[in-house]
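Below you'll find the structure, written out as structure tokens, and then a few comments.
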Amino acid sequence: MPRNDYVTCRSRLFRFIVLLERARFVILRLNINMDKSDLVQKAKLAEQAERYDDMAASMKAVTEGGGELSNEERNLLSVAYKNVVGARRSSWRVISSIEQKTEGNEKKQQMAREYREKIESELKDICKDVLKLLDDYLIPNASQPESKVFYLKMKGDYYRYLSEVASSSDKSDTVASSSNAYQVAFDISKTDMQPTHPIRLGLALNFSVFYYEIQNEPQKACGLAKTAFDEAIAELDTLNEDSYKDSTLIMQLLRDNLTLWTSETQGDEADAGEGEN
1 MPRNDYVTCR
11 SRLFRFIVLL
21 ERARFVILRL
31 NINMDKSDLV
41 QKAKLAEQAE
51 RYDDMAASMK
61 AVTEGGGELS
71 NEERNLLSVA
81 YKNVVGARRS
91 SWRVISSIEQ
101 KTEGNEKKQQ
111 MAREYREKIE
121 SELKDICKDV
131 LKLLDDYLIP
141 NASQPESKVF
151 YLKMKGDYYR
161 YLSEVASSSD
171 KSDTVASSSN
181 AYQVAFDISK
191 TDMQPTHPIR
201 LGLALNFSVF
211 YYEIQNEPQK
221 ACGLAKTAFD
231 EAIAELDTLN
241 EDSYKDSTLI
251 MQLLRDNLTL
261 WTSETQGDEA
271 DAGEGEN
């Protein structure tokens, strides 16, 4: 074969390989997008079926696919894990109460303690999963203040859940991590979000619950909740129709907690802070 023909063949082969690689890349991207769409659809089906563990698994896979989540995807992720961890928190409280009531009956108390520890282990694993997603994907990829506040609030929440069941040796670290995440989110929300924004209000609600339940600082809790409520009331006329329902619901929860916390007959402390977002 003449040298010129040989060079031409090599050149054409090289161009063909480049085109093939580009085509493969495009197909791969399409498959990723299709997979993401399928996972989101599976999450929606799981939510309707109230199978929140399945919903969380789907949204975890979506998150690990990389990129910034849409508002819909972000909310699906939040709802999934809120229900998954919420079931364990509720179970933990029930079994902890039973464990305390079985004092004097060693066998029953041991069974209750072992079951509580099993639930604790599940709860901790869930929280660590969420915190890893937040640190590795969600917070670094958040481009807007609203998203940053949303995810930092989540980080504060899940460290708070860990604080509820942490041993004395671990508690100080989880409490500090929760406080730091809430504070960073709070500072951003005051600068970049309206007082009536439901995410800012939800952050104030949960941060105040943290002060009341975890830090045992009722004055700070009441001060934060009252300020958030008063600032939102002052700008109630700026609420748009889309967020009106969410914002007013959270404002009602803030007011309910304030009433509970400032009441002389506030009752059992275990009932405090039920109004979370």
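Residues in the sequence shown are numbered consecutively from 1, following UniProt numbering.
Glycine included, every Cβ here is placed at the ideal spot set by N, Cα and C.
Problem set entry | Cβ-based neighbour list, L76, same chain, cut-off 6 Å, excluding 5 preceding and 5 following | Once the five neighbours on either side are set aside, the close Cβ partners of L76 are A43, M59.
Exercise. Can the beta-carbon of Y158 be found less than 7 Å from the beta-carbon of C127?
Worked result: Taking 7 Å as the Cβ cut-off, Y158 and C127 qualify as a contacting pair.
For this session: Taking 8 Å as the threshold, find out whether the stretch 68-88 comes into contact with the stretch 98-112 through three or more Cβ pairs.
Result: Counting C-beta pairs with one atom in each stretch, the stretch 68-88 and the stretch 98-112 have fewer than three that are closer than 8 Å, which means they do not touch.
Problem set entry | Cutoff 7 Å; reference K166; Cβ partners in own chain excluding five residues on either side | First, the residue type needs correcting, since residue 166 is Ala and not Lys in the sequence shown. T174.
Problem set entry | T262: first and last residue of the uninterrupted alpha helix (DSSP H) it sits in | Element bounds for T262: 241-262.
Problem set entry | Selection from S163, N216, I233 that minimises the alpha carbon distance to L201 | Answer by Cα proximity: I233.
Problem set entry | For Q110, the first and last residue of its enclosing alpha helix (DSSP H) | Q110 -> alpha helix (DSSP H) spans 106-133.
Problem set entry | Nearest candidate by alpha-carbon position, reference W92, set D35, E164, P145 | Nearest C-alpha to W92 among D35, E164, P145: E164.
Exercise. Does DSSP put E276 in a helix, a strand or coil?
Worked result: Reduced to three states, the DSSP call for E276 is coil.
For this session: Rounded to whole angstroms, what's the CA-CA distance from N141 to L134? Just pull it up for me.
Result: If I take the Cα positions, the gap works out to 9 Å.
For this session: Label T238 either buried or exposed according to how many other C-beta atoms from any shown protein chain fall within 10 Å of its C-beta, with 16 as the threshold for buried.
Result: Flag for T238 reads exposed.
For this session: In the DSSP assignment, find the alpha helix (DSSP H) that holds D230 and state where it starts and stops.
Result: Element bounds for D230: 218-234.
Exercise. Within the chosen definition, does the stretch 46-53 reach the stretch 66-85 through at least 3 CB pairs nearer than 8 Å?
Worked result: Yes, they touch.
Exercise. Anyone know if the C-beta pair for A181 and K155 falls short of 7 Å?
Worked result: Cβ atoms of A181 and K155: closer than 7 Å.
Exercise. Is L39 helix, strand or coil by DSSP?
Worked result: DSSP places L39 in helix when its eight states are reduced to three.
Problem set entry | Identity of the residue in H197, A221, D242 nearest M251 by Cα | Of the candidates H197, A221, D242, the one whose C-alpha sits nearest the C-alpha of M251 is H197.
Exercise. Can you name, in chain order, every residue of its own chain whose Cβ lies under 6 Å from the Cβ of T63, other than the five neighbours on each side?
Worked result: Taking C-beta separations shorter than 6 Å and ignoring five residues to either side along the sequence, the partners of T63 in its chain run L133, Y137, following chain order.
Exercise. When the Cα of F186 is compared with those of D230, E68, S243, A204, which residue comes out closest?
Worked result: Per the Cα distances, A204.
Exercise. According to DSSP, is R51 helix, strand or coil?
Worked result: The answer is coil: DSSP assigns R51 none of H, G, I, E or B.
Problem set entry | Best match in L162, Q100, I98 for proximity to D129 [C-alpha to C-alpha] | Nearest of L162, Q100, I98 to D129, Cα basis: L162.
Problem set entry | Residues of its chain near I95, where Cβ-Cβ distance is below 7 Å and the 5 sequence neighbours each way are ignored | Here I95 has A112, Y115, R116, I119 as same chain residues with Cβ atoms under 7 Å from its own Cβ, once five neighbours each way along the sequence are excluded.
Problem set entry | Cβ-based neighbour list, I98, same chain, cut-off 7 Å, excluding 5 preceding and 5 following | Excluding residues within five positions, the ones whose Cβ falls inside 7 Å are A112.
Exercise. Run through DSSP, which three-state label would E103 get?
Worked result: Note: E103 maps to coil in three-state DSSP.
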